[in-house]
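First comes the structure, then the notes that go with it.
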Amino acid sequence: MHKTSTRLDILQYIVDSGGATPAVLKEEFSLSRQAVHRHLRALITEGSVVKWGSPPIVIYVKRRVLSIHSAVQPG
5 MHKTSTRLDI
15 LQYIVDSGGA
25 TPAVLKEEFS
35 LSRQAVHRHL
45 RALITEGSVV
55 KWGSPPIVIY
65 VKRRVLSIHS
75 AVQPG
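So this note's numbering is basically just the index in the sequence shown, starting at one, shifted up by 4.
This is the structure in structure tokens:
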């Protein structure tokens, strides 16, 4: 899948921030809600990010970050 410049910028923002909500991405990149979700769906499909949480609080994080976080959670 071809990554657009905006998609790469969104991925980098998620990595640098440790995660982001669609609302934050919408404001940060001046995109429509639909455009943000289109980019997030593509990043999920390629395995770059995962959706974490459930509405009303959903955060998208880099797949590796979530794996590490889950591994260190007390059982």
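Backbone N, C-alpha and C define an ideal beta-carbon position, used for all residues, glycine too.
Taking the alpha helix (DSSP H) that residue i belongs to, which residues open and close that run?
i          : result
residue 30 : 26-33
residue 49 : 37-49
Measure the alpha-carbon distance for residue i versus residue j and round it to whole angstroms.
i          : j          : result
residue 17 : residue 10 : 10 angstroms
residue 35 : residue 26 : 10 angstroms
residue 54 : residue 48 : 6 angstroms
residue 43 : residue 61 : 18 angstroms
residue 15 : residue 45 : 12 angstroms
Identify, in the order they occur along the chain, each residue of the same chain with its Cβ nearer than 6 angstroms to the Cβ of residue i, setting aside the five sequence neighbours on each side.
i          : result
residue 19 : 66
residue 41 : none
Is any heavy atom in the ligand GTP found nearer than 7 angstroms to the beta carbon of residue i?
i          : result
residue 56 : No copy of the ligand GTP appears in this structure; indeed no ligand is present at all.
Spatial neighbours of residue i within its chain, please: CB distance less than 8 angstroms, with the 5 preceding and 5 following residues excluded, ordered by chain position.
i          : result
residue 78 : For residue 78, the predicted model reports a pLDDT of 47, less than 50, meaning its position is unreliable and no value from the coordinates is stated.
residue 32 : 17, 24
Provide the residue span of the beta strand (DSSP E) that contains residue i, from first to last.
i          : result
residue 58 : 53-58
Using DSSP bridges, identify the partner residues of residue i.
i          : result
residue 64 : 24, 55
Among the residues of its own chain, which have a CB less than 7 angstroms from the CB of residue i, if the five just before and after it don't count?
i          : result
residue 57 : 63
residue 30 : 37, 40
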